[in-house]
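Here the sequence shown stands for residues -16 to -1, 1 to 680, where the numbers follow mature numbering (1 follows the signal peptide of the UniProt record, and there is no 0). Below: one structure, written as structure tokens.
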Amino acid sequence: MRRVVALSLIAAAAVALAPSPLRIRDRLAAGVRRPAAKDYYAFRRENDETVLDRTDEETEVEADDAEAPLVRGQSLYHERHKKEIEDGILSHLTELGLTLKEAAEALMGGHDDDVVAFSETGEYRDLQKHARAMEQEHLRELLEDPQRFKAMSLEAKHCGVFLDWTRQKVSEGTMAKLFELARTMDVPAKIKQMQNGERINTSERRAVLHTALRARRGDAHHDVSENVARYTSMLEEAVPIDDAIKASCDVRDRLLAFVDDVRNGRVRSVRGEPFESVVVVGIGGSYLGPEFVTQATAGEKAPAEDGRRVDVRFVANVDPVAFDVATEGLDATKTLAIVVSKSWTTAETLRNAQKVRRWIVDGCVEKDARLSEPQIVRAHFVACASRTASAEVEAWGVDSDARLFEFWNWVGGRYSSTSSAGVLPLALARGSTAARAFLDGARAMDEHFFAEPLETNVPVVMALLGIWNVNFLGLGARAVVPYSEALARFAAHVQQLEMESHGKSVTIDGRPLDFVTGEIVIGEPGTNAQHSFFQLLHQGQAVPTDFIGFLRPDDATSDLAGHDELMSNFFAQPDALAVGRAFEDVLGDAMGADGGDLENCPHRTLSGDRPSLTLLLDKLDAFHVGALLSLYEHRCAVQGFVWDINSFDQWGVQLGKDLAGDVRANIRGEAGAPRMNPSTAALLERYRVATRAAPP
């Protein structure tokens, strides 16, 4: 399979360099049969019983490309047609007079000339001119238009989410131009691709199907007749959406049954006691999103049948302090541990998992010396990982049949909050009823996103406003400010979601970017943020701000007067940023106060004209937290579609991991450790002296 992938890339580059008016996909299709989704479905119908029951070894599926049992049929299909595909590609290269070496050398420069770059569109140039005109407008005057709210507000029906962007530096003409830009960049087609399970994460050859995680049985999104091959090579077949939904629902049902057993005391510790606490070990997307969701739903009141509340903690950082904080006050003998690692190879996660393992085992043995470590681990540990890692999970000591709740390679880490990685901690903390409501909220926003046209699509509007601010107004940072302490970790989740997705230097076909992608995201709950970084927002550089509020607090909140005070600030701050306080007003106030403090008038002047948008959700509960999560996921995806980048890989993360291994070898003084540059070597020497010296 790897050779087929490599050849497809080489062939694509080689054809791109040829003086042919045909598109790459059309040229290749002339001589090579593309294994389309309909071919796979026909193949599966013929082989359903035998294919899906075979093991990975029997079908020779490679571990990094398997979604067993989901794509076993697809993999077997490719095995049978591989020779035909390879011969077709080599034939095309021969026709073009190119060797494999020549095609490979040209690969980095090859691209599809029919694909128009974002910055080369007529709409981009038009918006650049339009931005200069809009800079002359002030939000103070724009807000005086009585029709502006009607034109620049939108509700996501059945989601309980209302968007107001009247305080953005846009006109109705701006929005029309942005929607036209989105159409030029084929955003509707790309949304359909994602919905249909096409492998739009091209660098990793993966579908992007986190929306299948919250679908219900019977939901059908896939249209096998849809021609969505434009942005994928002929070798990248769709993941069958019906299979993805079924697999997701199967895991969800099993997971929630396990949660009910834990919370109702039917699943117990190795000593036969009910679990009172859970420690979740993960990092990145398997930590930030799940922690946000679990904290945001703290006010949920679980029905009696959902059982007792369990204290859920998270540990991600390899700093020993993180472990100490996460386990403080917990009884190791009554703690269940969840280890989240899709590949079961994440170094930080496995190191922390080993530490939690030692803590639990030592605690249990201290109470009962007859207990063995394997016995304790089997009773106290659960894994969230890919089924392809089941052997490693089992070898580590976790029951891979009963206690491995899988998620798939079509679920990116930062999009995994609705997978087992996020739903298991949430359900243990808040109950299975809250978990189902959370998934329903995400699903409701998915349906809005997939069904609505661009002009009435809340995630699309938010995405385009961000692009307007970054690429045309030059505002490269954004603040995310939820007026809810329960959403204290939301900004951190959005920060990872967007900055990891959009920190890219090339387009999806490898062209270097000549424009900025992504925003630097900061955030803190209001009103704390007002006494933290809002001073910069008001009188420093302009930073567009997302204000997020709830019409009604959660069920646990009875202090409505306190909620009124919170929301008074929520509604006031966007106007303070937009309108500001003019020098004349400050001067008038000072003159009226017996001469006042005239010399400080310039310091008290606020220029205003700082853009923001307002999101109002009906209530702080699990349903609306799910809708909010999904909204920002789709906002992120749409921006990547417009910029024509891959928002679903993160190759930049890997280099630091690789270098950390080299540094670790140097710290340990291993023979053959890579040479460090002089600066790093000097720092490492200071570290070694401090940590390896005898204690005073």
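Don't be surprised by glycine CBs; every beta carbon is placed ideally from N, CA and C.
Cβ neighbour criterion (16 or more within 10 Å) applied to residue i
i	result
T675	exposed
V500	exposed
H515	exposed
N441	buried
T333	buried
T329	exposed
M218	Caution applies to M218, whose pLDDT of 30 falls short of 50 and renders its modelled position unreliable; the value that the coordinates give is listed next. M218 should be labelled buried.
L544	exposed
E89	Any reading at E89 must be qualified, since the residue scores a pLDDT of 47, below 50, and its modelled position is unreliable; the value itself is stated next. By the 10 Å Cβ count, E89 comes out exposed.
I504	exposed
R17	No answer about R17 holds up, because its pLDDT of 38 lies below 50 and its placement is not dependable.
D605	buried
N393	buried
P304	exposed
D538	buried
S614	buried
M429	buried
W380	buried
Beta-carbon proximity of residue i to residue j, cut-off 7 Å
i	j	result
E260	L165	no
H522	A140	no
T317	R255	yes
V262	V309	no
P658	S596	no
L623	F434	According to the sequence provided, residue 623 is Gln. The question's Leu does not apply to it. Their beta carbons are not under 7 Å apart, which means Q623 does not touch F434 by this criterion.
T158	R132	no
G406	G273	yes
L601	V277	no
A463	T529	yes
V377	I360	no
P443	R619	yes
F555	Y467	no
residue 686	F625	Residue 686 cannot be examined here, being either before or after the span of the chain that is shown, -16 to 680.
G507	H486	no
R124	V563	yes
V243	A411	yes
N-terminal and C-terminal residue of the beta strand (DSSP E) that residue i is part of
i	result
P466	461 to 466
V366	365 to 368
V505	504 to 507
T529	529 to 536
R297	295 to 299
T598	596 to 603
S137	137 to 140
residue 694	In the structure as shown, the chain starts at -16 and stops at 680, and residue 694 therefore has no counterpart that could be examined.
Residue i versus the options, residue with shortest Cα-Cα distance
i	options	result
M101	M159, F163, I629, S552	Just to set this straight, residue 101 is Ala in the shown sequence, not Met. Looking at the Cα atoms, I629 is the closest of the given residues.
E119	Q519, G458, V570, T589	G458
A267	S325, K339, L535	Before going further, note that residue 267 is Ile rather than Ala in the sequence given. The shortest Cα separation from I267 among S325, K339, L535 belongs to S325.
L367	C143, G610, L239	Checking the sequence, you will find Ala at residue 367 rather than Leu. Among C143, G610, L239, the Cα nearest to that of A367 belongs to L239.
T664	K174, T278, R648	R648
A369	R341, A560, Q359, S404	S404
R594	Q519, H608, V626, L561	L561
A476	D539, F517, R398, M551	R398
V609	Q634, A280, V294	A280
K113	L138, K161, F632, E128	K161
A426	V192, H142, A331, R116	H142
V265	E289, V323, A241	V323
V302	Y271, R292, L320	Y271
F391	L126, E376, T372, D385	T372
L147	L123, M136, A421	M136
D237	T195, A419, P662, L612	A419
Q338	F365, T598, T105	F365
Nonlocal neighbours in the same chain, by C-beta distance under 7 Å from residue i, ignoring five residues either side
i	result
D383	R362
S489	P496, L497
Contact test: residue i Cβ vs the ligand MG heavy atom, cutoff 6 Å
i	result
G624	Summarising the ligand content, the structure contains no ligands, and the ligand MG is consequently not present.
Same chain only: Cβ atoms within 8 Å of residue i, ignoring 5 sequence neighbours per side
i	result
D569	none
P287	G415, T417
V673	none
F567	C585, P586, T589
F534	Y467, S468, L600, L601, D602, K603, L604, H608
Other residues of its chain near residue i: CB distance less than 6 Å, five sequence neighbours each side excluded
i	result
R473	E275, F276, Q279
residue 726	Because the chain spans -16 through 680 in this model, residue 726 falls outside it and cannot be assessed.
Where the alpha helix (DSSP H) through residue i begins and ends
i	result
K174	171 to 180
I344	331 to 351
V609	606 to 627
L544	544 to 563
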